[in-house]
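Data block below; observations after.
Set out below in structure tokens:
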């Protein structure tokens, strides 16, 4: 009998096990876009963590589509996953709260809405942007352009606040013409830099919403006979692995992706195992400014 079992690569009957424990051994992970490297790395960390606990993962992309997000949540609920991690596009968390109350714990990653009754892991985006802007100011920059997200989310709103608050703290009046709404691709950053170079007042530094936008901005600046950082300093946001290999290497605000994944998984696992109280858990992680070659003193 043992030989037959071994030959068939026998696995325990998960259905029978789930009937006893009322657990399926499955976790749902909803991200906005797996082609975004931030989500790619986060997904990898999360899969490794849950795999070590014996869980399998169902990963789904909402593709920034609110209706698709709701459909995915319904699908995960119907499959009776043991828990859900989500980077939501939807700003109405009522549906997720209903799922949470039904016995499937939900943890929000990197999005926040006031009065949200769900566990969440957040980044102090405002502080990250504030520190980057302050660093540029201390290098002597006053005319600092900011590439904002075209479709605002809670994290992008906080980043813009940090930029504005830093300017005000150093008695520099924020100017609307120094802020452009854009996407976060290299192409978007390229076009945003074109806008800044056409401003009446000379821009000496640009803070961007994403690393890719920063790299696109650098390319436009070089294409037009200028140098980074001699003519314009650039700061990105996230710290993708490519940032230290570009020329110049990119100064950026580092997102603690591994910490985000670990904190999110820790909360969800403790909820699944009923090891936490009813008190909502909120973890706030600090980003770090990584100084490289794309920033310099004003000449």
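Numbering (the numbering used here), first residue to last: 709 to 1007. For glycine and all other residues, C-beta sits at the position ideal for the given N, C-alpha and C. On a predicted model such as this, the values are computed, not experimentally measured, just so you know.
Straight-line Cα distance separating residue j from residue i
{"i": "residue 865", "j": "residue 939", "result": "28 Å"}
{"i": "residue 841", "j": "residue 1007", "result": "18 Å"}
{"i": "residue 803", "j": "residue 774", "result": "12 Å"}
{"i": "residue 860", "j": "residue 833", "result": "13 Å"}
{"i": "residue 728", "j": "residue 954", "result": "Since pLDDT at residue 728 reaches only 48, below the 50 mark, its modelled position is unreliable, and the value read off the structure follows with that caveat. Using only the alpha carbons, I get a separation of about 54 Å."}
{"i": "residue 960", "j": "residue 730", "result": "45 Å"}
{"i": "residue 928", "j": "residue 950", "result": "18 Å"}
{"i": "residue 976", "j": "residue 733", "result": "13 Å"}
{"i": "residue 751", "j": "residue 769", "result": "11 Å"}
{"i": "residue 942", "j": "residue 856", "result": "14 Å"}
{"i": "residue 858", "j": "residue 747", "result": "19 Å"}
{"i": "residue 843", "j": "residue 900", "result": "22 Å"}
{"i": "residue 948", "j": "residue 745", "result": "7 Å"}
{"i": "residue 738", "j": "residue 979", "result": "18 Å"}
{"i": "residue 761", "j": "residue 974", "result": "11 Å"}
{"i": "residue 1003", "j": "residue 869", "result": "22 Å"}
{"i": "residue 963", "j": "residue 818", "result": "11 Å"}
{"i": "residue 1040", "j": "residue 793", "result": "Nothing about residue 1040 can be reported from this structure: the residues present for the chain run from 709 to 1007 only."}
{"i": "residue 795", "j": "residue 930", "result": "35 Å"}
{"i": "residue 882", "j": "residue 875", "result": "6 Å"}
{"i": "residue 827", "j": "residue 741", "result": "22 Å"}
{"i": "residue 1018", "j": "residue 996", "result": "Given a span of 709 to 1007 for the chain in the structure shown, any question on residue 1018 remains unanswerable."}
Run of the beta strand (DSSP E) containing residue i, from where it starts to where it stops
{"i": "residue 752", "result": "That residue, residue 752, is in no beta strand (DSSP E); its alpha helix (DSSP H) goes 745 to 760."}
{"i": "residue 944", "result": "941 to 946"}
{"i": "residue 816", "result": "814 to 817"}
Continuous alpha helix (DSSP H) stretch holding residue i: start and end
{"i": "residue 965", "result": "965 to 980"}
{"i": "residue 911", "result": "Per DSSP, residue 911 belongs to no alpha helix (DSSP H) and is neither H nor E."}
{"i": "residue 793", "result": "Note, residue 793: premise wrong, no alpha helix (DSSP H); beta strand (DSSP E) at 791 to 794."}
{"i": "residue 787", "result": "Residue 787 -> no alpha helix (DSSP H), and no H or E assigned at all."}
{"i": "residue 894", "result": "894 to 905"}
{"i": "residue 921", "result": "919 to 931"}
DSSP bridge partner residues for residue i (one or two, in chain order)
{"i": "residue 769", "result": "739"}
{"i": "residue 1019", "result": "What the structure shows of the chain is the stretch from 709 to 1007, and residue 1019 is not part of that stretch, so it cannot be assessed."}
{"i": "residue 764", "result": "734"}
{"i": "residue 802", "result": "Residue 802 is not bridged to any residue."}
{"i": "residue 915", "result": "854, 943"}
{"i": "residue 1006", "result": "BP columns for residue 1006 are empty, so no partner."}
{"i": "residue 991", "result": "829"}
8 Å Cβ cutoff met for residue i and residue j
{"i": "residue 911", "j": "residue 851", "result": "yes"}
{"i": "residue 890", "j": "residue 867", "result": "no"}
{"i": "residue 919", "j": "residue 945", "result": "yes"}
{"i": "residue 735", "j": "residue 765", "result": "yes"}
{"i": "residue 916", "j": "residue 897", "result": "yes"}
{"i": "residue 862", "j": "residue 820", "result": "yes"}
{"i": "residue 990", "j": "residue 830", "result": "yes"}
{"i": "residue 972", "j": "residue 754", "result": "yes"}
{"i": "residue 835", "j": "residue 935", "result": "no"}
{"i": "residue 922", "j": "residue 958", "result": "yes"}
{"i": "residue 815", "j": "residue 807", "result": "no"}
{"i": "residue 772", "j": "residue 797", "result": "yes"}
{"i": "residue 854", "j": "residue 887", "result": "yes"}
{"i": "residue 884", "j": "residue 907", "result": "no"}
beta-carbon residue i near the ligand FAD non-hydrogen atom, thresh 7 Å
{"i": "residue 923", "result": "Within the structure as shown, the ligand FAD is missing, as the structure has no ligands at all."}
> In chain order, which beta strand (DSSP E) runs of at least 3 residues are fully inside the segment 828 to 892?
Replying inline: You should have 852 to 857, 887 to 890.
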